[in-house]
Every structure is written in structure tokens, then in C-alpha cells.
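Novice: Quick one: the structure is below, questions incoming.
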Amino acid sequence: MTSAPPITAPYGAWPSTISAARVAAGATPLSTLMLGGADGSDIFWLAGRAAEAGRNTLLRHHGVSTGELTPAPFNVRSRVHEYGGGAYQVDGDTVYFSHFADNRVYKLDLTDDGAAPVALTAAGKQRFADFVVDRARGRLIGVRELHGDDPHAQPTNTICAIDADGGETVLAQGADFYSSPRLSPDGRSLAWLSWDHPRMPWQGTTLWLADIGDDGTLAAPLRIAGGDEESVCQPEWSPDGLLHFVSDRSGWWNLYRLCRGRDRTEGLCPMDTEFASPHWTFGNSMYGFRSASEIICTYIDKGVSRLARLLPGSGKLEAIANPYEEIRELRVAPGYIAMLAGGPTIPMELARIDFTEEGVEILAQSIEELPDEDQLSIPASISYPSANGRTAHAFFYPPRNRDVTAPAGSKPPVIVISHGGPTGMTVNTLNLKTQFWTSRGFGVLDVNYGGSTGFGRAYRDLLKGQWGIVDVEDCVAGAQALVERGLADGERLIIRGGSAGGLTTLCALTFHNVFKVGASYYGVSDLKGLDQDSHKFESHYNEYLIAPQPQAEALYQARSPINHTDKLARPMIFFQGLDDKVVPPQQSEMMVDALKARGVPVAYVPLEGEGHGFRKGENIVRTLEAELYFYQRMFGLHDPAATPPVHIDNLKD
């Protein structure tokens with residue numbers, strides 16, 4: 001049977017089978033991979049349920065079947081540092097987890113099929129994350145964040161032990177932040193990380209090691225590595241009791257280990273690549289041990305993940321064949337690797353690679369129903385010149401839809417995406433949200449601007465004192481590069497971003513004349529207000545990104561879009577969760593009110609029950625449909641007979 005010839009339609013108005021509802025239905029975030037069970041053969045992970053208000057549930061692959069362990073109403077999620085992560089731990093046939101609704105830790109016995117989770121900790125204002133089981137002492141060790149009665153006061157963070165009866169004992173305190181408590185195989189020593197304001201964990205952390213006394217307390221902590229200008233992350237113990245960690249002391253996050261005498265550390269495989277990612281959330285895992293003499297690791301090379309076998313004795317690194325270009329997490333058992341990974345035509349999935357067999361076994365996918373591969377836009381990794389002689393990096397997705405072609409000689413509108421963080425990175429794993437746009441005739445440029453991770457510390461530090469400058473310049477330069485290459489319509493350039501990427505979006509539209517339309521998802525518009533409203537984890541972040549006070553005052557005034565609305569004349573749409581504690585709603589609402597007053601076309605979509613990032617399926621649909629309509633309305637591509645999914649103020653026919 002021959003297929004129908006493609007129809008002709010303008011770029012940006014192509015009919016597509018990738019609907020907003022299909023995007024939402026396929027939005028099943030996978031995270032927090034663990035191994036467990038009596039013999040370590042069970043694989044555990046979290047899956048987000050968009051249809052259940054974004055609830056996180058714990059799944060287990062056991063034998064040949066997969067089952068849900070935490071049915072509703074349980075939501076396996078932590079809010080330590082607000083971003084959470086590390087919300088559960090497995091010890092043989094026992095699971096401990098944090099329940100989002102009450103922040104209590106629960107215990108679940110997997111040997112009893114009918115058992116319900118039982119609360120371990122008492123109700124209160126404490127939150128927990130990043131657990132390790134101390135079997136010898138019958139307790140759980142983790143990070144505790146204790147909140148007081150004053151909602152404006154910062155919480156207290158510690159390393160804390162939770163006894164079998166729910167009692168809590170502080171083991172390490174005094175620093176502003178803690179993470180990664182890791183118990184030695186013999187149970188006699190504990191390693192952990194700490195850091196203090198004004199640093200973020202990718203700027204400077206300290207790795208500590210202490211022996212555990214007979215009474216369970218920590219004796220004479222020893223500083224192993226790190227400091228104000230060295231970022232240490234993911235401490236792990238080898239099976240023979242050597243402490244390993246990742247440090248960026250060379251300018252790249254590389255692997256190191258502590259020698260047996262505890263008097264020095266040594267690098268295992270120096271490379272200009274990244275063996276770690278920023279510590280936004282707890283529980284990140286990018287390496288593990290097959291044996292005492294073999295490490296399985298993933299590293300990031302120019303924004304793309306590689307999988308390898310490292311022999312610490314010789315420093316030899318051997319590639320392991322696999323189909324992925326992003327490996328977000330991995331865990332290692334003696335016989336296999338479990339990974340959360342994806343690629344340009346592969347959504348984020350849970351994969352198992354057996355050491356004795358070829359091929360990859362897929363245990364779960366974030367997208368159940370995939371479009372045909374010939375419908376997908378495959379990104380190209382591009383680099384291009386930016387301001388002051390810099391080189392910036394991005395993934396470019398051209399418009400693609402096998403059933404539609406554009407009129408001859410026309411060029412597509414392009415959406416430039418500025419990722420959040422801003423200390424983060426964008427990846428090229430298949431994402432239906434991106435394909436939603438490319439299948440409708442939009443190009444997408446996803447930018448790893450200066451300040452992004454995955455390219456070494458020097459590239460990451462390009463944003464030091466330059467937030468709202470370097471990131472904006474790299475997004476502007478990326479759009480201009482596409483126009484120069486004939487890949488974009490210069491009169492239909494769009495910029496969109498969320499959180500910190502929202503500031504980039506707003507600054508690009510306010511201080512430059514390249515973009516014609518913009519979309520801000522819970523974006524930052526007022527830097528001073530962000531300082532006043534921010535949660536503890538990021539409350540001093542702007543000292544790095546902008547400057548310490550009082551020097552920052554003038555820069556805040558200069559770089560905050562809310563102070564320069566007289567320069568903003570481009571139509572915008574804003575999306576904002578009303579429960580957002582990271583970037584509060586007033587950040588968006590001030591901009592909306594200012595644009596309304598100036599007569600600039602503007603739309604606002606506030607969302608009840610959503611925080612920093614949208615989890616509910618109906619809201620994923622609502623935001624995508626509203627954003628699409630907004631762009632099409634601004635570019636004259638809308639269907640006049642269709643019911644508008646969003647109201648636009650100051651709209652002139």
C-alpha cells in the first residue's frame with residue numbers, strides 16, 4: 001500500500017499526531033534507581049504518575065515481573081533542599097521511603113505481600129533524604145532538614161540517625177548543608193559531604209570521614225578532600241573498603257580514591273570529561289563497582305554520555321557498547337548494569353545490560369507509545385561563535401513531519417530553549433514535548449550556554465557574575481547563527497525558558513531585539529525579590545551568579561527585567577505554579593501586570609496545586625495547547641474558528 005503524498009502547509013501550522021494529550025499521557029518520569037532484594041537481583045525505581053497529580057510511586061522488577069510497591073496515596077518524594085531526590089533506600093527485602101504528604105519516613109516489608117508501609121518517624125517539621133542502612137546498629141542514617149515554626153527562618157540541616165523506634169540522633173552538625181552519608185562495608189566508618197553558604201555544591205564541598213564509636217557517634221572527623229574552590233561529589237566505598245569520590249580539582253569532575261593509609265588521595269583516570277553532574281538533587285549515581293578491581297562508570301563528553309569499564313589499578317578505560325547518549329543514573333551488580341538512559345530516538349528508559357550476554361533488556365520506558373522513527377526530528381550537536389570570542393553549544397532539532405511539507409522557499413520559526421538551573425545542562429534524549437513542536441513545523445534550538453555543566457569547570461564558571469549576560473548572549477548568538485545558515489526565519493524567532501531559563505528569556509526579550517515572542521515558565525524577573533523569597537538551598541546562589549551585597553544592588557537593578565519593562569515590547573505568555581516555593585508567583589505576576597499596563601500582548605496561565613515544575617497531566621496539556629495557540633496567534637497561523645485555549649490581553653486583530 002502506498003502512503004498518501006504529503007500535504008503542503010506553512011511552517012508552524014502543520015497538523016500533527018503528537019497531541020498535547022499524547023505528550024501528557026507519555027509523561028512518566030523515571031528516577032532514583034536502586035538495587036536490592038535478598039541476592040541483589042531486584043531493580044527498584046521511581047515513576048511519576050501525571051494522571052495522579054504527579055505522584056511518585058516505587059516500582060520493583062523481581063524475577064520476570066514488575067510490580068508497584070507504593071500505591072496511592074503514597075508519594076515517594078522528599079523536599080529536602082526543595083528539589084529533593086534520594087527519597088528511598090532498599091536494604092535486602094526492606095524499603096525505607098519519605099512520603100511527600102507528611103514528610104515522615106516509612107518502612108515497608110517486602111517479604112509480606114499484604115504488608116502496608118508503617119511510619120517509622122514521628123509527625124513533625126522534619127524532612128529526610130539520602131538514606132543509608134546501618135545494619136550493625138539497627139538504624140537508618142540520612143540527611144535531616146528541620147524546619148521551625150517561623151516560615152521565614154532557615155531550616156537546620158544535619159546528618160541524622162533514625163533508630164528502630166523512630167528516635168532521632170544527630171551525628172554531624174554545624175555546616176549549612178549535608179549530603180551523601182555513605183557507610184563503609186564493615187560498618188565501622190562513615191563518609192559524608194558538607195558545604196556552607198554562600199557556595200552551591202558544584203562550587204565547593206568538603207568530604208569527611210569518621211570512625212563510628214561503640215555508642216554510635218562519630219569520632220574525630222577527618223577532612224579527606226574538597227574546600228571552598230573544589231567540588232566533591234558521590235563518595236562511594238569499593239567492596240574492599242576503599243573510599244572513592246569525584247572531584248573537579250583538575251577543572252573536570254574526575255574519579256579519585258583515598259589510599260589505605262588515609263594520608264593521600266590519587267586520581268584514577270584523568271580526563272577532560274565529567275564523571276559527575278551538579279548536585280541539584282540527592283542520590284545521583286554515575287559509577288559503581290563490579291568488583292574491587294573494576295568500576296563501571298558513565299562520563300559526559302561534550303554534552304554526550306559514554307559508558308565504560310575502568311580498571312583502577314592501571315587507569316585503563318574501556319568503552320562498553322550501548323545505544324544511549326544520555327546516561328542519567330547507573331547501578332552496578334556483580335552480574336549486570338542497570339541504567340536510566342536515553343538517546344535521540346530513545347526516551348528515558350530503564351535498561352539492564354548483562355555482563356555475560358549481548359544486547360540491552362528494557363524494563364520500563366518513560367513513553368509507552370512512541371511515534372514512528374521517521375516522524376522524529378533527530379538533533380544535530382552544533383557549536384557556534386558567541387560574544388567575546390566564546391564558543392557556545394546546542395542541539396538543533398529541524399522541523400520534521402513525513403506527512404507535511406512547507407511551501408517552497410519558506411523558512412521555519414525557531415524556538416530557542418534556555419534551560420533552567422542555570423547550572424544545569426540540556427541533553428538530546430527523546431522528549432515528546434520537543435517533538436510536539438518539530439512535528440508542527442517549528443525548529444528547536446536547545447542551548448547549553450556558558451555556565452552549563454558537561455563541559456568542565458571553566459565553561460561552568462563563565463556564568464560567574466554574568467547571569468543574565470553570558471546565557472543571554474549565547475541564546476541570541478544561537479538564533480542568529482541559524483538565520484545565517486538559512487535554517488530559521490529571522491522574523492519568527494521565539495525564546496522560551498523555565499525557572500533560571502525564564503530570566504534568560506526575559507532578559508533576551510528586554511535587552512535585545514532578536515526574538516519576536518517569548519514564553520516564561522515560572523521564570524525569574526526580579527533578582528532582589530528572588531533573594532528575599534528564596535529557600536535556604538539557593539538563598540546565596542546570586543552571590544556567585546551576580547555578586548555579593550552590597551555590590552550586587554546596582555547589578556540587580558540593571559539585570560532584573562521587572563525594572564526595565566519600558567524596553568520590553570514583545571508579546572509574552574507566562575506559566576506559573578501557585579505553590580512554587582523556589583520562584584514564587586509574584587515573580588511572574590509583576591511582569592504580567594507591567595505588560596498589561598503597557599499595552600503589550602500578554603497571557604497568564606496560573607496553575608493551582610503546582611510547584612516548581614508541572615506534574616499533573618491536565619496541566620501539561622493546558623500549557624502546551626496555550627503556548628502553541630499563543631505563537632500561532634502572534635504569527636497569524638491560528639484557526640479563527642477554534643476556541644482559544646488562553647485569553648490574551650492587549651490583543652489587536
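The numbering used here numbers the first residue of the sequence shown as 1 and each following residue consecutively. Glycine included, every Cβ here is placed at the ideal spot set by N, Cα and C. Values in this document were obtained by computation on a predicted structure and should not be read as measured data.
Drop a sphere of 10 angstroms on the beta-carbon of asparagine 513, count the other beta-carbons inside from all chains shown, and report buried for 16 or more, exposed for fewer.
Specialist: exposed
Novice: So is glutamine 173 buried or exposed if we call it buried at 16+ other beta carbons inside 10 Å?
Specialist: It is exposed - the Cβ of glutamine 173 has fewer than 16 other Cβ atoms within 10 Å.
Novice: Assign arginine 496 to one of three DSSP states: helix, strand, or coil.
Specialist: strand
Novice: Per DSSP, what are the beta-bridge partners of phenylalanine 661 in this structure?
Specialist: What is shown of the chain runs 1 to 653, which leaves residue 661 out entirely.
Novice: On the criterion of 16 or more Cβ atoms from any shown chain inside 10 Å, does asparagine 322 qualify as buried, or is it exposed?
Specialist: buried
Novice: Reducing DSSP to helix, strand and coil, say where histidine 197 ends up.
Specialist: The answer is coil: DSSP assigns histidine 197 none of H, G, I, E or B.
Novice: Could you tell me which residues DSSP pairs with phenylalanine 574 in its beta bridges?
Specialist: BP columns for phenylalanine 574 point to Ser520 and Tyr604.
Novice: Helix, strand or coil, according to DSSP, for arginine 658 in the structure here?
Specialist: Nothing about residue 658 can be read from this structure; the chain reaches only from 1 to 653.
Novice: Ignore the nearest five residues each way along the sequence and tell me which others in leucine 171's own chain have a CB closer than 6 angstroms to its CB.
Specialist: Ile159, Ala161 and Leu218
Novice: Beta-carbon within less than 7 angstroms of leucine 311's beta-carbon, same chain only, minus the 5 sequence neighbours each way: which residues are those?
Specialist: Same-chain partners within the cutoff: Ser293 and Glu294.
Novice: Could you tell me the distance, in whole angstroms, from the CA atom of asparagine 619 to the CA atom of leucine 607?
Specialist: 7 angstroms
Novice: Counting only runs that start and end within the region 535 to 584, where is the alpha helix (DSSP H) found for 4 or more residues in a row?
Specialist: 541 to 545 and 552 to 559
Novice: Give the DSSP-derived three-state secondary structure of arginine 139 in the structure shown.
Specialist: strand
Novice: Quick one: using the 10 Å Cβ neighbour count with 16 as the cut-off for buried, is glutamine 234 buried or exposed?
Specialist: buried
Novice: Along the chain, where does the beta strand (DSSP E) containing isoleucine 327 start, and where does it finish?
Specialist: 326 to 332
Novice: What is the DSSP secondary structure of valine 483, counted as helix, strand or coil?
Specialist: In this structure, valine 483 counts as helix in the three-state DSSP scheme.
Novice: Hey, methionine 634 and valine 447: beta-carbon distance below 8 angstroms or not?
Specialist: If you check the CB distance, methionine 634 and valine 447 do not come in under 8 angstroms.
Novice: Got a sec? Which residues, its chain only, sit under 7 angstroms from glutamine 480 by beta carbon, not counting five neighbours each side?
Specialist: Val514
Novice: Going straight from the alpha carbon of arginine 55 to that of methionine 339, what length do you get?
Specialist: 22 angstroms
Novice: If distances are taken between C-alpha atoms only, which option among Ile362, Pro334 and Ile346 comes closest to threonine 356?
Specialist: Pro334
Novice: Output needed for glycine 67: all residues of its chain with C-beta closer than 8 angstroms, excluding positions within five of it in sequence on either side, in chain order.
Specialist: Leu59 and Arg60
Novice: What's the gap between the Cα of glycine 343 and the Cα of glycine 142?
Specialist: 33 angstroms
Novice: Evaluate serine 410 with the Cβ neighbour count: other Cβ atoms within 10 Å of its Cβ, from every protein chain shown; 16 or more gives buried, anything less gives exposed.
Specialist: exposed
Novice: Per DSSP, which residues does arginine 144 bridge with? Please list them.
Specialist: Phe128 and Thr158
Novice: For methionine 1 and arginine 402, what's the separation of their Cα atoms in angstroms?
Specialist: Low confidence applies to methionine 1: its pLDDT is 43, below 50, so where it sits in the model is not reliable, and the reading given next is rough at best. Straight through space, the alpha carbons of arginine 402 and methionine 1 are spaced by roughly 16 angstroms.
Novice: Helix, strand or coil for cysteine 233, going by three-state DSSP, please let me know.
Specialist: strand
Novice: In three-state DSSP terms, what is methionine 34?
Specialist: strand
Novice: Rounded to the nearest angstrom, what separates alanine 458 and glycine 251 at their Cα positions?
Specialist: 7 angstroms
Novice: What does a CB cutoff of less than 7 angstroms around aspartate 211 pick up in its chain, not counting 5 residues either side in sequence?
Specialist: Arg188, Ser189 and Ala219
Novice: Here's the rule I'm using: 16 or more other beta-carbon atoms within 10 Å means buried, otherwise exposed. How should glutamate 484 be labelled?
Specialist: exposed
Novice: Note down the Cα distance separating leucine 193 from alanine 225, rounded to an integer number of angstroms.
Specialist: 10 angstroms
Novice: Give, in chain order, every unbroken run of the alpha helix (DSSP H) that is at least 4 residues long and sits entirely within the region 375 to 458.
Specialist: 432 to 438
Novice: At 3 residues or longer, and completely inside the region 57 to 114: list those beta strand (DSSP E) runs for me, N to C.
Specialist: 65 to 68, 88 to 91, 94 to 98 and 105 to 109
Novice: Buried or exposed for leucine 463, going by 16 or more other Cβ atoms inside 10 Å?
Specialist: Here leucine 463 is buried. Its C-beta has 16 or more other C-beta atoms within 10 Å.
Novice: Residues in the same chain with beta-carbon distance under 6 angstroms from arginine 79, minus the five sequence neighbours each way, listed in chain order, please.
Specialist: Excluding sequence positions up to five before and after arginine 79, its CB lies within less than 6 angstroms of the CB of Arg127, all in the same chain and listed in chain order.
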